[in-house]
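**Q** Got a structure for you, written out below as structure tokens; questions coming shortly.
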Amino acid sequence: MTQTSRRNNTRTRIKSSSDGDQVDKPKPATRVPVSRDRTSNRILNFTFKFLFASGILLIMVGLYTKSYFVNPMNETVKPKVVTPLPAPKLMDLPMFQGEHKESLYWGTYRPHVYFGVRARTPQSLLAGLMWLGVKDERYHMRHVCENSDDLKRYGWTHHNGRDYGRQVLDDQKVTLTTSFLKSKEKESGYGGDWAVRIEAQSEALNKEMAEIVHLFFYVADEAGNALGLGRGTSDSPDDNLLAFGSRNDVGSWQLHLESEDEFEFHYAGFKTPHIHNLSDLVQANLGIQARKTGRLQLSDTRDDAPNILVFQISARIPFKADVAFVSKSTGSISRTKESIRSLIGDSLTSRLEQKSKQFDDEFQRHFKMSDEHSSEAITVAKAALGNMLGGIGYYYGQSKISLPPSSNPVPGDNYISYWPAELYTAVPSRPFFPRGFLWDEGFHQLLIWRWDVKISLDIIGHWLDLINADGWIPREQILGAEALSKVPSEFVLQHPTNGNPPTLFLVLKDLVCGIKKNKFTASEVKEISIFLSRAFVRLEAWFKWFTTTQSGKDAGTYFWHGRDNVTIRELNPKSLSSGLDDYPRASHPSEDERHVDLRCWMQLAADCMSSISEFLDNDNGKEYGLTAKLLSDFELLNQMHFDNNSGAYFDYGNHTEKVRLSWRMVEAAGGYPTRELAREVLEKPDLRLVPHVGYVSLFPFMGRLIPPDSWILAKQLDLISNTSTLWTKYGLRSLAKTSSLYMQRNTEHDAPYWRGPIWINMNYLTLSALHYYSQVDGPYRDRAKNIYNDLRNNLIRNVVNNYNKTGCLWEQYDQKKGKGKGARVFTGWTALVVLIMSEAYSDS
1 MTQTSRRNNT
11 RTRIKSSSDG
21 DQVDKPKPAT
31 RVPVSRDRTS
41 NRILNFTFKF
51 LFASGILLIM
61 VGLYTKSYFV
71 NPMNETVKPK
81 VVTPLPAPKL
91 MDLPMFQGEH
101 KESLYWGTYR
111 PHVYFGVRAR
121 TPQSLLAGLM
131 WLGVKDERYH
141 MRHVCENSDD
151 LKRYGWTHHN
161 GRDYGRQVLD
171 DQKVTLTTSF
181 LKSKEKESGY
191 GGDWAVRIEA
201 QSEALNKEMA
211 EIVHLFFYVA
221 DEAGNALGLG
231 RGTSDSPDDN
241 LLAFGSRNDV
251 GSWQLHLESE
261 DEFEFHYAGF
271 KTPHIHNLSD
281 LVQANLGIQA
291 RKTGRLQLSD
301 TRDDAPNILV
311 FQISARIPFK
321 ADVAFVSKST
331 GSISRTKESI
341 RSLIGDSLTS
351 RLEQKSKQFD
361 DEFQRHFKMS
371 DEHSSEAITV
381 AKAALGNMLG
391 GIGYYYGQSK
401 ISLPPSSNPV
411 PGDNYISYWP
421 AELYTAVPSR
431 PFFPRGFLWD
441 EGFHQLLIWR
451 WDVKISLDII
461 GHWLDLINAD
471 GWIPREQILG
481 AEALSKVPSE
491 FVLQHPTNGN
501 PPTLFLVLKD
511 LVCGIKKNKF
521 TASEVKEISI
531 FLSRAFVRLE
541 AWFKWFTTTQ
551 SGKDAGTYFW
561 HGRDNVTIRE
571 LNPKSLSSGL
581 DDYPRASHPS
591 EDERHVDLRC
601 WMQLAADCMS
611 SISEFLDNDN
621 GKEYGLTAKL
631 LSDFELLNQM
641 HFDNNSGAYF
651 DYGNHTEKVR
661 LSWRMVEAAG
671 GYPTRELARE
681 VLEKPDLRLV
691 PHVGYVSLFP
701 FMGRLIPPDS
711 WILAKQLDLI
721 SNTSTLWTKY
731 GLRSLAKTSS
741 LYMQRNTEHD
751 APYWRGPIWI
761 NMNYLTLSAL
771 HYYSQVDGPY
781 RDRAKNIYND
791 LRNNLIRNVV
801 NNYNKTGCLW
811 EQYDQKKGKG
821 KGARVFTGWT
831 ALVVLIMSEA
841 YSDS
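Mind the numbering: the sequence shown is residues 1 to 844 in the UniProt record's numbering, read in order.
Here you go:
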């Protein structure tokens, strides 16, 4: 297993010795002593017994009748963990219906493939692109985003999240550009029409030397509807018609291909429900034909009533083709032809140029980039935003929830399915994490709401509608076969005991503050108000889930539940639910722990709930205000988490520094001895502060809980700016060089993750706090400003340099040389560099 795949697993996996909920043992029945009158005669005694027995019988009949009519015998009562919160859904609000819903119906909502189109509906019509790339002198199919494909670079240079996007795919011997455009005409079907332009270029000096490109454009129907084949058959006299069909959502539709260049055409049709395995089907078809004919061409055959059609276009580079999807095509022939003409050729060129200019103008209007940034840096910022918006996906399916054996509805099963649900969400990384991650999404929305607040509310609404009756949201959403195909089976289960940082409160607090600062139009304020009013009950349930499941022993204390307290393989048991994975916590997990980062997240959540209540004139706000006040109590915070000697904030727990990994001999399968790294404790732990300076130490600073005139603020500035602790010329490292676990492996296979490398989301929050302290009165104002300027410049310069060298943003950056690390093509929260450049920081 490679380091990258192990890192993927680490991010995906949450397991602990307490993954399952504890099931309370039934309490013994209460005995009610009966006082007997010794003078009672036998008749009275018989009457009492008769009445008692009759009463029992009546109760039993009543209970049976109730269970028969209310809970029929064939209906199983679902556990709360897979029962939706009984509250009106946010996505049922009128603001998300009508024109808004239709405007977002079609989109590039398949971020896990290099190019894909689908609708926001569970069983959609899909379209996408594959091509044959060359690697090690052999052809390889390109379809699903894979780091192993070794593309030089790929990603959206422009995308507005609604109806336009431009993407460059730079393979070894060919560069493809895909442009997407939506069009809604009066006569169009639901969701309108769309077009894709595919351009192939090469570095060859002349046409004679140019490569042949083999493109495969496909259309597939998830609902299994049969697709009609146009070009290449006697079914259609129109050589430009690729496919046609009919659906309940868009009516009759047609797919047309137009190109002025010469090309060779072949096709294949498949009937299968396994659309996520399409590239395997295409490769198998090509392989059979290659053995038969010696040529790379599809078979020109189709299964009976195929629901997938694949069209092969082989042409000499340079090559350009337009594919147009026209809905409601049963209208007049002239209307259909007019719609097609508007989506191909010169008309499409003109419309794409117009959309590109609009994107550039809107980018400047929203982010107001100053002249301090080079045109090179601005290009990177636009690509970061484009990849964030182009990485938005739509998913439908059921999460798999882990349950303890005693709770399993079916003996032997180790999970139960969540209810079927849809999710419209941005994703952290197209090749590695093309699905929804709860704590990532809050950071994503810090950027997206500033571009299109309606899209942001739509995404947040989808997430909040996933709250169950307990107030829990599964941290990782693996919905549908395509999403499931990208996740190893052992990492699919979600554990209802484990949480995730409630970062959506960052965004919601921003929205309330933005209203107060007049950042929104009157219509936007009205929609945000309606949204928050309905969302409040869901946010309350989520907040209460944290306070009941993640609370510590003392009032106002919290710790991330789910750490493994019996592991012998981890140097320091991970706190995966915190989002900071292997960041050092107490060496021996226990219920005595107090995690300073979770305390600060809960302060943010309580303060946000209080602000929303105040904005909505809701009487419930007082309770949240008191909680926020308690958690921001500076003296209490310092008593629980501050270390005077180091001037840093720390976790508290059962801890010793004298723990190491040592090789030992164990008996493997078959009785053969083998070596493994095992945890060795050399000193008995005791309850104390956990002395590791890093991102967790900065949470009170990032939360602006330190008074501007406090000497403790000066100490935080010391830690931030000290090269021996956190400061590097590329950004702040996640763990100080002085920590005993700095850059230490956590197991034989787990390389350091949050133990040194630079993460942009935490640097963004630190910059936001520095910006705040540089604006408020206090003795450290000027120093905060100087550190802010230096840190900001370092981060921007390093992210831009890496993008120019590698063509992408990265999950993290090396603290020694600044090189991109972790997941490649990781837009995610690294796209916060746009807000850093525009100095648009969270108001939270």
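Just so you know, even glycine gets a beta-carbon here, dropped at the ideal spot from N, CA and C. The structure presented is a predicted model; accordingly, all values stated were derived computationally and were not measured.
Taking one C-beta from the segment 343 to 357 and one from the segment 796 to 805 each time, how about it: are there three or more such pairs within less than 8 Å?
**A** No, the segment 343 to 357 is not in contact with the segment 796 to 805.
**Q** Compare the beta carbon distance of Asp-510 and Trp-449 with 8 Å and say whether it is the shorter of the two.
**A** Within the sequence shown, residue 510 is the residue found at index 510, counting from 1. Within the sequence shown, residue 449 is the residue found at index 449, counting from 1. Cβ distance < 8 Å, so Asp-510 and Trp-449 count as in contact.
**Q** Looking at the unbroken alpha helix (DSSP H) that takes in Val-834, where does it start and where does it end?
**A** As a working note, residue 834 is residue 834 in the sequence shown. 833 to 838 is the extent of the alpha helix (DSSP H) around Val-834.
**Q** Mind listing, in chain order, the continuous beta strand (DSSP E) runs of no fewer than 3 residues lying wholly within the segment 407 to 455?
**A** Complete beta strand (DSSP E) runs here, min 3: 415 to 417 and 421 to 425.
**Q** Could you give the first and the last residue of the continuous alpha helix (DSSP H) run that contains Phe-520?
**A** Within the sequence shown, residue 520 is the residue found at index 520, counting from 1. No alpha helix (DSSP H) contains Phe-520, which DSSP labels as neither H nor E.
**Q** With C-beta atoms as the reference, is Lys-328 less than 8 Å away from Ser-188?
**A** On the sequence shown, position 328 is the one that residue 328 refers to. On the sequence shown, position 188 is the one that residue 188 refers to. For Lys-328 and Ser-188, yes; Cβs fall inside 8 Å.
**Q** I need the straight-line Cα distance from Gly-144 to Pro-707, nearest angstrom please.
**A** As a working note, residue 144 is residue 144 in the sequence shown. As a working note, residue 707 is residue 707 in the sequence shown. Reading off the sequence shown, one finds Val at residue 144, where the question assumed Gly. Between Val-144 and Pro-707, the C-alpha separation is close to 50 Å.
**Q** What do you get for Tyr-649, buried or exposed, if any count of 16 or more other CB atoms within 10 angstroms of its CB means buried?
**A** Mapped onto the sequence shown, residue 649 falls at position 649. Buried, because 16 or more other Cβ atoms sit within 10 Å of the Cβ of Tyr-649.
**Q** In angstroms with no decimal places, state the Cα-to-Cα distance between Trp-560 and Tyr-395.
**A** Here residue 560 corresponds to residue number 560 of the sequence shown, with the count starting at 1. Here residue 395 corresponds to residue number 395 of the sequence shown, with the count starting at 1. C-alpha separation (whole angstroms): 28 Å.
**Q** Tell me, to the nearest whole angstrom, how far the beta carbon of Asp-452 is from that of Gly-161; I am working on the premise that it is less than 8 Å.
**A** Your numbering for residue 452 matches position 452 in the sequence shown. Your numbering for residue 161 matches position 161 in the sequence shown. Confirmed, Cβ separation roughly 6 Å.
**Q** Within the continuous beta strand (DSSP E) that includes Thr-175, where are the two ends?
**A** Position 175 of the sequence shown, counting from 1, holds the residue named residue 175. Unbroken beta strand (DSSP E) run through Thr-175: 175 to 183.
**Q** Taking just the CA atoms, how far does Asp-322 sit from Gly-345?
**A** The residue labelled residue 345 in the question sits at position 345 within the sequence shown. The residue labelled residue 322 in the question sits at position 322 within the sequence shown. When rounded, the distance between both Cα atoms is 7 Å.
**Q** Pick out whichever of Pro-431, Asp-597, Thr-567 and Tyr-624 has its Cα sitting closest to the Cα of Ser-577.
**A** Residue 577 sits at position 577 when you count from the first residue of the sequence shown. Checking every option, the nearest Cα to that of Ser-577 belongs to Asp-597.
**Q** If you draw a straight line from the alpha carbon of Tyr-415 to that of Val-77, how long is it in whole angstroms?
**A** As a first step, residue 415 is located in the sequence shown; it is residue number 415 there, counting from the start. As a first step, residue 77 is located in the sequence shown; it is residue number 77 there, counting from the start. Taking the straight line from one Cα to the other gives about 16 Å.
**Q** Kindly indicate the opening and closing residues of the alpha helix (DSSP H) around Arg-783.
**A** Here residue 783 refers to the residue found at position 783 of the sequence shown. First-last of the alpha helix (DSSP H) with Arg-783: 781 to 806.
**Q** Answer yes or no: do Val-82 and Leu-385 have a C-beta to C-beta separation smaller than 8 Å?
**A** Here residue 82 refers to the residue found at position 82 when the sequence shown is read from its first residue. Here residue 385 refers to the residue found at position 385 when the sequence shown is read from its first residue. Going by C-beta atoms, Val-82 is not nearer than 8 Å to Leu-385.
**Q** Out of Ala-555, Ser-417, Pro-584 and Leu-132, which one is the CA nearest neighbour of Val-492?
**A** In the sequence shown, residue 492 corresponds to position 492, counting from 1. Per the Cα distances, Ser-417.
**Q** Would you report the Cα separation of Pro-496 and Val-507, rounded to the nearest angstrom?
**A** Position 496 of the sequence shown, counted from the first residue, corresponds to residue 496. Position 507 of the sequence shown, counted from the first residue, corresponds to residue 507. Spanning the two alpha carbons is a distance of roughly 24 Å.
**Q** Nearest-angstrom Cα distance between Asp-843 and Gly-436?
**A** Indexing the sequence shown from 1 puts residue 843 at position 843. Indexing the sequence shown from 1 puts residue 436 at position 436. Asp-843 and Gly-436: Cα-Cα distance of roughly 25 Å.
**Q** Mind pulling the alpha helix (DSSP H) runs of 4 or more residues that sit fully within the segment 346 to 397?
**A** Listed in chain order, they are 375 to 390.
**Q** Using the DSSP secondary-structure output, state which residues sit across from Ala-324 in a beta bridge.
**A** Working through the sequence shown from its first residue, we reach residue 324 at position 324. In DSSP, Ala-324 forms a bridge with Ala-195 and His-256.
**Q** Go ahead and label Trp-711 buried or exposed: buried means 16 or more other beta carbons lie within 10 angstroms of its beta carbon, across all protein chains shown.
**A** Within the sequence shown, numbered from 1, the residue matching residue 711 stands at position 711. It counts as exposed.
**Q** When we look at the beta-carbon of Gly-287 and count the other beta-carbons within 10 Å, is it buried (16 or more) or exposed?
**A** Counted from its first residue, the sequence shown places residue 287 at position 287. Exposed: under 16 other Cβ atoms inside 10 Å.
**Q** Can you name the start and end residues of the beta strand (DSSP E) that Thr-674 belongs to?
**A** Stepping through the sequence shown from its first residue, residue 674 is reached at position 674. Thr-674 -> beta strand (DSSP E) spans 673 to 681.
**Q** Using the Cα positions of Phe-520 and Ser-339, report the straight-line distance between them to the nearest angstrom.
**A** In the sequence shown, counting from the first residue as 1, residue 520 sits at position 520. In the sequence shown, counting from the first residue as 1, residue 339 sits at position 339. Those two C-alpha atoms are separated by around 36 Å.
**Q** In angstroms, rounded to a whole number, what distance separates the CA positions of Leu-255 and Ala-220?
**A** Along the sequence shown, one-based indexing puts residue 255 at 255. Along the sequence shown, one-based indexing puts residue 220 at 220. Looking at the two C-alpha atoms, the distance is approximately 12 Å.
**Q** Report yes or no: do three or more beta-carbon pairs, one from the segment 721 to 732 and one from the segment 660 to 678, lie closer than 8 Å?
**A** At 8 Å Cβ cutoff, the stretches do not touch.
**Q** Grab me the residues of Asn-74's own chain with a C-beta within less than 6 Å of its C-beta, minus the 5 sequence neighbours each way, in chain order.
**A** Walking along the sequence shown from the start, residue 74 turns up at place 74. Only weak support is given to the placement of Asn-74: the predicted model assigns it a pLDDT of 46, under 50, and the question is left unresolved by the model.
**Q** Taking C-beta to C-beta, are Lys-544 and Gly-461 nearer than 8 Å?
**A** The residue labelled residue 544 in the question sits at position 544 within the sequence shown. The residue labelled residue 461 in the question sits at position 461 within the sequence shown. The answer is no: Cβ separation not under 8 Å.
**Q** Ordered along the chain, which non-local residues of its own chain (more than five positions away) have a Cβ less than 7 Å from that of Asn-500?
**A** Along the sequence shown, one-based indexing puts residue 500 at 500. Leu-438, Trp-439, Arg-475, Ser-577 and Gly-579.
**Q** Have a look at Ser-587, His-641, Glu-185 and Arg-166 and flag the residue whose alpha-carbon is nearest the alpha-carbon of Leu-661.
**A** As a working note, residue 661 is residue 661 in the sequence shown. Measuring from the Cα of Leu-661, the nearest candidate turns out to be Ser-587.
**Q** When DSSP labels each residue in this structure, what does Thr-47 get in the three-state scheme?
**A** Translated into the one-based positions of the sequence shown, residue 47 becomes position 47. With a pLDDT of only 39 at Thr-47, under 50, the local geometry of the prediction cannot be trusted, and no value is derived from it.
**Q** Confirm, please, whether the CB-CB distance from Phe-263 to Ala-324 is below 8 Å.
**A** As a working mapping, residue 324 is identified with position 324 in the sequence shown. As a working mapping, residue 263 is identified with position 263 in the sequence shown. No, the pair does not count as a contact, with Cβ atoms beyond the cut-off.
**Q** Looking only at C-alpha atoms, which of Leu-104, Thr-503 and Leu-229 sits nearest to Trp-829?
**A** Numbered from 1 along the sequence shown, position 829 holds the residue referred to as residue 829. When each option's Cα is compared against that of Trp-829, the closest is Thr-503.
**Q** So for Thr-738, helix, strand or coil by DSSP?
**A** Here residue 738 refers to the residue found at position 738 of the sequence shown. Looking at Thr-738 - three-state DSSP - the assignment turns out to be coil, as it is neither helix nor strand.
**Q** Below 8 Å between beta carbons: does that hold for Gln-815 and Ile-758?
**A** The sequence position of residue 815 within the sequence shown is 815, counting from 1. The sequence position of residue 758 within the sequence shown is 758, counting from 1. Closer than 8 Å, so yes.
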